[in-house]
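For reference, the structure discussed in these notes is given below.
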Amino acid sequence: MKYYRIIMIYLFFLLPSFLTEAASCLSEQAEETIKVIRGPYLQSGSQTGIIIRWRTDFPTSGRVIYGTSLKTLDREKTGQKDTTEHIIQLNGLKPDTKYFYAVGNDHQVFSGPDSIHYFITAPTPLNEKPIRIWAIGDFGTGDSISRSVKNAYLKYKSGRHTDVWLMLGDLAYTRGSDEQFQSAMFENMYDELLRNTVSWPSPGNHDIRSADSETQTGPYYDIFSLPVNGEAGGIPSGTEAYYSFDYGNVHFISMDTEDTSLEPVSPMIDWLERDLEANALNWTIVFFHHPPYSMGTHNSDMHWDSGGRMTRIRENILPVLDAHGVDLVLGGHSHVYERSYLIHNHYGRARTFKAKTMIRYRKKRYPTAYEKFDGESGTIYVVCGVSGNRPSAGAFEHPAMAFGSDQYKGSMAIEVEGNRLYGIFLDTRGEVRDWFRIDKNPRPLLTTPLWDE
Ligand SMILES: [Fe+2]
61 MKYYRIIMIY LFFLLPSFLT EAASCLSEQA EETIKVIRGP YLQSGSQTGI
111 IIRWRTDFPT SGRVIYGTSL KTLDREKTGQ KDTTEHIIQL NGLKPDTKYF
161 YAVGNDHQVF SGPDSIHYFI TAPTPLNEKP IRIWAIGDFG TGDSISRSVK
211 NAYLKYKSGR HTDVWLMLGD LAYTRGSDEQ FQSAMFENMY DELLRNTVSW
261 PSPGNHDIRS ADSETQTGPY YDIFSLPVNG EAGGIPSGTE AYYSFDYGNV
311 HFISMDTEDT SLEPVSPMID WLERDLEANA LNWTIVFFHH PPYSMGTHNS
361 DMHWDSGGRM TRIRENILPV LDAHGVDLVL GGHSHVYERS YLIHNHYGRA
411 RTFKAKTMIR YRKKRYPTAY EKFDGESGTI YVVCGVSGNR PSAGAFEHPA
461 MAFGSDQYKG SMAIEVEGNR LYGIFLDTRG EVRDWFRIDK NPRPLLTTPL
511 WDE
């Protein structure tokens, strides 16, 4: 009986305090072992602002420390408390400036600072230093193909910073779930690039299987923080489904060709017209998933293929792009590589293509070098759906296309310097398999071109 009383006293008075202590011990341990399991990654970069995002394995507070020298991270911004999804907007930055950063919580640093945790703010349009763009399409397999495409590009760029990273849809196979985004983008895939290069996506059909553009819900919309209010330039779109931004003298437009209306009178096309009307920059690059011209794994002439989207893009979007002199359109969806001549005003099927829709190159020595003058229409269309998928046999009979191949996996490296734009298709061996150039109001260059002719 005596022992029973002692045990009861112990349970009544001592056990609760033991349990509380054990719980606090465990939570301290969790705090000590908090890890970043996604990112950090950069979003919505502009001349004066940027968003830094990351995910932790346990809920905690968020904090970014940053500064223009790796040794002096003298600025700080705190975020939400008690969350695993950390989204911190930095403002008041200087254009074209390199900042180093680290992320953590109120009392610890989890990732950085070091030489790969940095961002460079966008330059003003007057700054004519070369702009490097990397574009990947249909890469979301999370497998060795995406990795080899990335490695070939990293080797090729050899230390040069990538200023703008475009994602042409189908970012996470097969249904755009959060887990699939994790393996296709974040886990042992693009880690280093994500830390120092702003990524700009457009949604593909596979991404939209788990997301909804009208309500802006699902993993695609949860993962990306995109400029809906014109924060990075351009006219506010009011939606993350489609948006625009400026980088130096290039205006970029991302469109949703999967889950937003492509009818001629519709909000996205109305916004596109207003955005292009207001654009005064030298170059315009538009990117979306479904290609208006392709005879690869998808056929843009077939009304049943992809719900007729490729036809509707041709008929309803391309006239707007032509009217505003858009220079380059990048897409994916077809798991091949295709690249058009500099063309305009072709909205029908392949067999209706007429020679007069081609703007002829003016230098015989370089048949893929084109010249274009202010106010002229003329667009090069690229299909690059092989940045994570094995290429499949294509017919490549579209007369708009100057080059097509189902032999290579690869990505697009594009460089804009002043009035010159270079594009190359780089395969997994680091070989350039196609290249093109557009000179606008031709004049001498200041530095060595991207592609050594
Ligand atoms: Fe697709």
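Residues in the sequence shown are numbered from 61 upward in steps of one, following this note's numbering. C-beta atoms are modelled at their ideal positions from N, C-alpha and C, and glycine is treated no differently. Please read all numbers here as calculations on a predicted model, not as lab measurements.
What are the boundary residues of the alpha helix (DSSP H) that includes I329?
As a working note, residue 329 is residue 269 in the sequence shown. I329 -> alpha helix (DSSP H) spans 327-338.
Rank I498, F496, A473 by C-alpha distance to the C-alpha of T222 and give the top, closest one.
By 1-based counting over the sequence shown, the position of residue 222 is 162. For T222, the nearest C-alpha among the options comes from A473.
Buried or exposed: which applies to A429, given that a residue is buried once 16 or more other Cβ atoms fall within 10 Å of its Cβ?
Here residue 429 refers to the residue found at position 369 of the sequence shown. Buried.
Given T277, which residues of its chain have a CB within under 7 Å of its CB, disregarding the five upstream and five downstream residues?
In the sequence shown, residue 277 corresponds to position 217, counting from 1. Excluding positions up to five away in sequence, the list reads A271.
Who sits around ligand 2, taking every residue whose Cβ is closer than 5 Å to one of its heavy atoms?
No copy of ligand 2 appears in this structure; the ligands present are ligand 1.
Have a look at M370, V380, N265, N339 and flag the residue whose alpha-carbon is nearest the alpha-carbon of G356.
Walking along the sequence shown from the start, residue 356 turns up at place 296. G356 has its Cα closest to that of M370, out of M370, V380, N265, N339.
Measuring straight from C-alpha to C-alpha, what distance separates V124 and G164?
For the purposes of this step, residue 124 is identified with residue 64 of the sequence shown, where counting begins at 1. For the purposes of this step, residue 164 is identified with residue 104 of the sequence shown, where counting begins at 1. Going by the C-alpha atoms only, they are around 7 Å apart.
Quick one: Cα of T132 to Cα of L481, how far?
As a working note, residue 132 is residue 72 in the sequence shown. As a working note, residue 481 is residue 421 in the sequence shown. So the alpha carbons of these two residues sit roughly 37 Å apart.
Could you pull the DSSP bridge partners for V163 from this structure?
Taking the first residue of the sequence shown as 1, we reach residue 163 at position 103. For V163, which the question treats as bridged, DSSP gives the partners V124, S171.
Where does K158 sit, in a helix, a strand or coil, going by DSSP?
One-based indexing of the sequence shown puts residue 158 at position 98. Here K158 sits in strand by DSSP.
Is the segment 151-163 touching the segment 413-420 in the sense that three or more CB pairs, one from each, lie closer than 8 Å?
The segment 413-420 is not in contact with the segment 151-163.
Rounded to the nearest angstrom, what separates S437 and M418 at their Cα positions?
Taking the sequence shown and counting its residues from 1, the one referred to as residue 437 is at position 377. Taking the sequence shown and counting its residues from 1, the one referred to as residue 418 is at position 358. Between S437 and M418, the C-alpha separation is close to 11 Å.
Any idea if E300 is buried or exposed, counting beta-carbon neighbours within 10 angstroms, 16 or more meaning buried?
Against the sequence shown, residue 300 aligns to sequence position 240. So E300 ends up on the buried side.
Could you check where the beta strand (DSSP E) with F496 kicks off and where it finishes?
Residue mapping note: residue 496 aligns to position 436 of the sequence shown, counting from 1. Counting along the chain, the beta strand (DSSP E) containing F496 begins and ends at 492-500.
Measure the C-alpha to C-alpha separation of T275 and S314 and round it to an integer number of angstroms.
In the sequence shown, residue 275 corresponds to position 215, counting from 1. In the sequence shown, residue 314 corresponds to position 254, counting from 1. Straight-line Cα distance between these residues: approximately 18 Å.
By alpha-carbon positions, which one of H458, Y250, F433, P351 ends up nearest to N479?
Here the question's residue 479 lines up with position 419 in the sequence shown. It is F433.
Would you mind working out which of F118, T108, I180, Y126 sits nearest P173, comparing C-alpha positions?
Locating residue 173 in the sequence shown gives position 113, where the first residue counts as 1. The option with the nearest alpha carbon to P173 is Y126.
Using C-beta distances below 6 Å, list every residue in its chain close to G197, excluding the 5 sequence neighbours before and after it, in chain order.
Here the question's residue 197 lines up with position 137 in the sequence shown. So the list reads L228, G392, C444, G445, S447, once near-sequence residues are dropped.
Can you tell me whether P427 is buried or exposed, with buried defined as 16 or more other CB within 10 angstroms of its CB?
Here the question's residue 427 lines up with position 367 in the sequence shown. Classification for P427: exposed.
Excluding sequence positions up to five away, which residues of its chain have a Cβ less than 7 Å from the Cβ of Q89?
In the sequence shown, counting from the first residue as 1, residue 89 sits at position 29. Residue placement at Q89 is flagged as unreliable, the pLDDT there being 48, under the threshold of 50; a coordinate-derived value is accordingly withheld.
Whole beta strand (DSSP E) runs in the segment 91-147 with 3 or more residues, listed along the chain?
Whole beta strand (DSSP E) segments, 3+ residues: 96-103, 110-120, 123-127, 135-138.
Taking only the alpha-carbon atoms, compute the straight-line gap between G367 and A383 and give it to the nearest angstrom.
Stepping through the sequence shown from its first residue, residue 367 is reached at position 307. Stepping through the sequence shown from its first residue, residue 383 is reached at position 323. Taking the straight line from one Cα to the other gives about 26 Å.
Roughly how many angstroms lie between the CA atoms of D494 and T201, to the nearest whole one?
For the purposes of this step, residue 494 is taken as the residue at position 434 of the sequence shown. For the purposes of this step, residue 201 is taken as the residue at position 141 of the sequence shown. Computed Cα separation, rounded: 24 Å.
Determine the burial state of N187: buried for a count of at least 16 other Cβ atoms within 10 Å of its Cβ, exposed for fewer.
For the purposes of this step, residue 187 is taken as the residue at position 127 of the sequence shown. Its Cβ having fewer than 16 others within 10 Å, N187 is exposed.
Whole angstroms is fine: what's the gap from H350's alpha carbon to S285's?
For the purposes of this step, residue 350 is taken as the residue at position 290 of the sequence shown. For the purposes of this step, residue 285 is taken as the residue at position 225 of the sequence shown. Roughly 22 Å between the two C-alpha positions.
For G122 versus I148, is the C-beta spacing smaller than 8 Å?
In the sequence shown, residue 122 corresponds to position 62, counting from 1. In the sequence shown, residue 148 corresponds to position 88, counting from 1. The answer is yes: Cβ separation under 8 Å.
How many angstroms separate the CA atom of S354 from the CA atom of Q140?
Looking up residue 354 in the sequence shown gives position 294. Looking up residue 140 in the sequence shown gives position 80. Those two C-alpha atoms are separated by around 46 Å.
Nearest to R98 by alpha carbon, out of W225, E145, R207, P327?
To locate residue 98, count along the sequence shown from 1; it is residue 38. When only C-alpha atoms are compared, the closest one is E145.
Could you check what DSSP says for E252 in three-state terms: helix, strand or coil?
Taking the first residue of the sequence shown as position 1, residue 252 is located at position 192. Helix, per DSSP.
Run through DSSP, which three-state label would Y213 get?
Position 153 of the sequence shown, counted from the first residue, corresponds to residue 213. Here Y213 sits in helix by DSSP.
How many Å lie between G15 and G293 at the Cα?
It is not possible to answer for residue 15, since the shown part of the chain is limited to 61 through 513.
Roughly how many angstroms separate the alpha carbons of I345 and S304, rounded to a whole number?
Along the sequence shown, one-based indexing puts residue 345 at 285. Along the sequence shown, one-based indexing puts residue 304 at 244. Distance between the alpha carbons of I345 and S304 is about 10 Å.
Mark W364 as exposed unless 16 or more other C-beta atoms lie within 10 angstroms of its C-beta, in which case mark it buried.
As a working note, residue 364 is residue 304 in the sequence shown. With fewer than 16 other Cβ atoms within 10 Å, it is exposed.
Mapping the DSSP letters down to three states, classify Y401 as helix, strand or coil.
Residue mapping note: residue 401 aligns to position 341 of the sequence shown, counting from 1. Note: Y401 maps to coil in three-state DSSP.
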